[in-house]
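Data first, discussion second: the structure below is written as structure tokens.
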Amino acid sequence: MSAIRSRYCTLHPEAKARHYCPHCMRFLCEACIEELP
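My numbering numbers the first residue of the sequence shown as 213 and each following residue consecutively.
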């Protein structure tokens with residue numbers, strides 16, 4: 213999971229990625245995670 217720390221959110225390039233979704237195949241930041249259902 214350490215690789216995610218240097219990555220940025222797919223939808224918000226200025227935001228640091230906090231999670232990677234293998235289903236969506238994209239990196240998510242805190243804001244994206246909160247928007248998930």
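We put the beta carbon where it would ideally sit given N, CA and C, even for glycine.
Beta-carbon separation (whole angstroms), residue i vs residue j, contact threshold 8 Å
i: A243; j: A227; result: 7 Å
Straight-line Cα distance separating residue j from residue i
i: C234; j: E246; result: Strictly speaking, residue 234 in this sequence is Pro, with Cys absent from that position. If I take the Cα positions, the gap works out to 17 Å.
i: P249; j: Y232; result: 16 Å
i: R238; j: T222; result: 6 Å
i: S218; j: L240; result: 13 Å
Buried/exposed call for residue i, threshold 16 Cβ in 10 Å
i: C236; result: exposed
Opposing strand residues paired with residue i [DSSP bridges]
i: H235; result: The partner list for H235 (beta bridge, DSSP) is empty, contrary to what the question assumes.
i: L248; result: Note: L248 sits in no beta bridge, so no partner.
i: L240; result: H231
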